[in-house]
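What follows is a set of notes on a single structure, which appears directly below.
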Amino acid sequence: MEGTAVRGRLSWQVATVGQVIDETAAVRTIELQAPDWAGHRAGQHLDVRLTAEDGYTAERSYSIASAPGEPVAITVERLEDGEVSPYLTEELRAGDDLELRGPIGGYFVWDGQHDIGPLLLVAGGSGVVPLRSILRHRERTGSAVPTRLLYSSRSLPDVIYRAELDRDNGGGVEVIYTLTRAQPPGWTGRAGRVNAAMLAEVAWPAGQEPLAFVCGPTPFVEAVAEGLVGLGYPPPRVKTERFGATGTGAAGGS
Amino acid sequence: MDALDGNAIGGLLHEVFGTEMTAAIGTCATCGATGPVAETVVYLRAPGTVARCRTCTSVLMVFVKVRDLNCVDLRGLAALAASAHG
Chain A
21 MEGTAVRGRL SWQVATVGQV IDETAAVRTI ELQAPDWAGH RAGQHLDVRL TAEDGYTAER
81 SYSIASAPGE PVAITVERLE DGEVSPYLTE ELRAGDDLEL RGPIGGYFVW DGQHDIGPLL
141 LVAGGSGVVP LRSILRHRER TGSAVPTRLL YSSRSLPDVI YRAELDRDNG GGVEVIYTLT
201 RAQPPGWTGR AGRVNAAMLA EVAWPAGQEP LAFVCGPTPF VEAVAEGLVG LGYPPPRVKT
261 ERFGATGTGA AGGS
Chain B
1301 MDALDGNAIG GLLHEVFGTE MTAAIGTCAT CGATGPVAET VVYLRAPGTV ARCRTCTSVL
1361 MVFVKVRDLN CVDLRGLAAL AASAHG
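So, in structure tokens, the structure goes:
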């Protein structure tokens, strides 16, 4: 152990901002060059720490948007009354330094090797971020596990990663959008909130032994998890990650 | 404020326990329910950070940070076992 970081220790490190990509009007992906990054698993998150000139610090958790093996990236939604997200989405520029620690989490992760049945991914808003890491990991590892993503957004312009989700994704991936507030003219996708009836139509039958990952605002996750258990999914096969209306939580900090 | 879940305190737990703990299995000292720490009900500004049992809502863990010192109360847990998949 001498002369090296203590194994397993979670230490703050400085990363440099690389490319910054605007995903929607309020959402931005920030690629990070982190020389001390030990690698991550699909679905994990990291903590970001900002320090003001007077020493005041604010920490937030963000889901990792990139696949294992790719440079670490986070996708951040700007929350108007947020303390951290306005800085990350409006002020931060390529070349800036950012303090972070991670990767964090070992529960809401998908490594691909334990699958017995198909994969069901259910996202509410920016809850799609860790699921995108899972989709990219699935594609990069050549996994053939049949996969469905049910993604609830307010409107089409709010859909994050739309161009990426609409392409092939390595085959075997079905993406189903539901738009809760506004649908464009001629919209043939689904409309309204995810409820038990929609899950009954979209979710893999429980008999196929699916594995579900659900991420989004707390009420969304509660409703979806309850719906899936109602369809016969055993609770251990429904992995959940919640974030609050204020954006706190593992998936997207304010 | 919406309650979150144990995923949200993965960093704090790693800091306190020195290892990844969200997949660890906790046992509620009040009702005996068991489940992953990630599935506990978490309030970040309680004051302090509070994790409650999803079955009976009893307090399982309390974390208060005072001058960079983490004060940890685990009396609500009967057991806490690291996950095999850690």
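Order-wise, the sequence lines are chains A and B. In our numbering, each residue's number is its place in the first sequence (first place is 1) plus 20. In our numbering, each residue's number is its place in the second sequence (first place is 1) plus 1300. Backbone N, C-alpha and C define an ideal beta-carbon position, used for all residues, glycine too. Note that the structure is a prediction, hence the values are computed from the model and not measured.
Is the beta carbon of residue j closer than 8 Å to that of residue i?
i: A:Val129; j: A:Arg61; result: yes
i: A:Arg174; j: A:Arg201; result: yes
i: A:Ala211; j: A:Leu199; result: yes
i: A:Val195; j: A:Val234; result: no
i: A:Ala226; j: A:Leu185; result: no
i: A:Gly236; j: A:Ile154; result: no
i: A:Ile180; j: A:Val47; result: yes
i: A:Val34; j: A:Leu112; result: no
i: A:Trp224; j: A:Pro138; result: yes
i: A:Gly247; j: A:Leu219; result: yes
i: A:Ala245; j: A:Thr260; result: yes
i: B:Gly1348; j: A:Leu30; result: no
i: A:Ala87; j: A:Arg160; result: yes
DSSP state of residue i, grouped into three classes?
i: B:Val1314; result: For the sequence presented, residue 1314 of chain B should be read as His rather than Val. The answer is helix: DSSP assigns B:His1314 an H, G or I state.
i: B:Ala1381; result: strand
i: A:Pro255; result: helix
i: B:Met1361; result: strand
i: B:Leu1374; result: coil
i: A:Arg29; result: coil
i: A:Leu248; result: helix
i: B:Thr1340; result: coil
i: A:Phe128; result: coil
i: A:Val165; result: coil
i: A:Pro123; result: strand
i: B:Thr1322; result: coil
i: A:Ala243; result: helix
i: A:Glu100; result: coil
i: A:Glu261; result: strand
i: A:Ala62; result: strand
i: A:Glu291; result: Here chain A has residues from 21 to 274 only, and residue 291 of chain A is not among them.
i: A:Ile136; result: coil
i: B:Gly1335; result: strand
i: A:Glu22; result: Below a pLDDT of 50, predicted positions are generally treated as unreliable, and A:Glu22, at 42, falls in that range; no measurement from the model is reported.
Out of the options, which one is the CA nearest neighbour of residue i?
i: B:Gly1376; options: B:Val1316, B:Leu1369, B:Ala1333, B:Arg1345; result: B:Ala1333
i: B:Ala1382; options: B:Val1337, B:Asn1307, B:Cys1353, B:Val1342; result: B:Val1337
i: A:Pro254; options: B:Gly1335, B:Cys1371, B:Cys1356, B:Thr1319; result: B:Gly1335
i: B:Gly1306; options: B:Thr1357, B:Thr1319, B:Glu1339; result: B:Glu1339
i: B:Ala1329; options: B:Val1366, B:Cys1371, B:Leu1360, B:Gly1318; result: B:Leu1360
i: B:Thr1319; options: A:Gly126, A:Ala72, A:Glu90; result: A:Gly126
i: B:Thr1357; options: B:Thr1349, B:Val1342, B:Arg1367; result: B:Val1342
i: B:His1314; options: A:Arg121, A:Ala72, A:Ser105, A:Ser83; result: A:Arg121
i: A:Glu100; options: A:Ile136, A:Ala45, A:Tyr82; result: A:Ala45
i: B:Arg1354; options: B:Thr1327, B:Asn1370, B:Ile1309, B:Leu1344; result: B:Thr1327
i: A:Ser146; options: A:Leu108, A:Val193, A:Pro55, A:Ala85; result: A:Ala85
i: A:Val241; options: A:Gln39, A:Phe263, A:Pro88, A:Gln228; result: A:Phe263
i: A:Gly206; options: A:Val222, A:Leu176, A:Val104, A:Glu229; result: A:Leu176
Mind listing the chain A neighbours of residue i? Cutoff is C-beta to C-beta under 9 Å, in chain order.
i: B:Pro1347; result: Per Cβ cutoff of 9 Å: no residues; B:Pro1347 is ~15 Å from chain A at best.
Output, in chain order, the set of chain B residues within a Cβ distance shorter than 7 Å of residue i.
i: A:Leu30; result: Gly1311, His1314, Glu1315
i: A:Ser81; result: Ala1308, Gly1311
i: A:Asp67; result: Gly1311
Can you list the residues of chain A that residue i reaches, using a CB-CB cut of under 8 Å?
i: B:Ser1358; result: The premise fails here: B:Ser1358 is roughly 19 Å from chain A at the closest Cβ pair, so nothing lies under 8 Å.
Quick one: list the residues of chain A neighbouring residue i, beta-carbon separation under 7 Å, in chain order.
i: B:Thr1322; result: Gly125, Gly126, Tyr127
i: B:Ala1338; result: Tyr127, Phe128
What does residue i reach in chain B if we use C-beta pairs closer than 9 Å?
i: A:Arg121; result: Gly1311, His1314, Glu1315
| message | Report the start-end ranges of each beta strand (DSSP E) in the region 171-233 of chain A that is 3 residues or longer and not cut off at the edges. | response | 193-199
Fully enclosed by the region 64-91 of chain A, which beta strand (DSSP E) runs are 3 residues long or longer?
-> 65-71, 77-83
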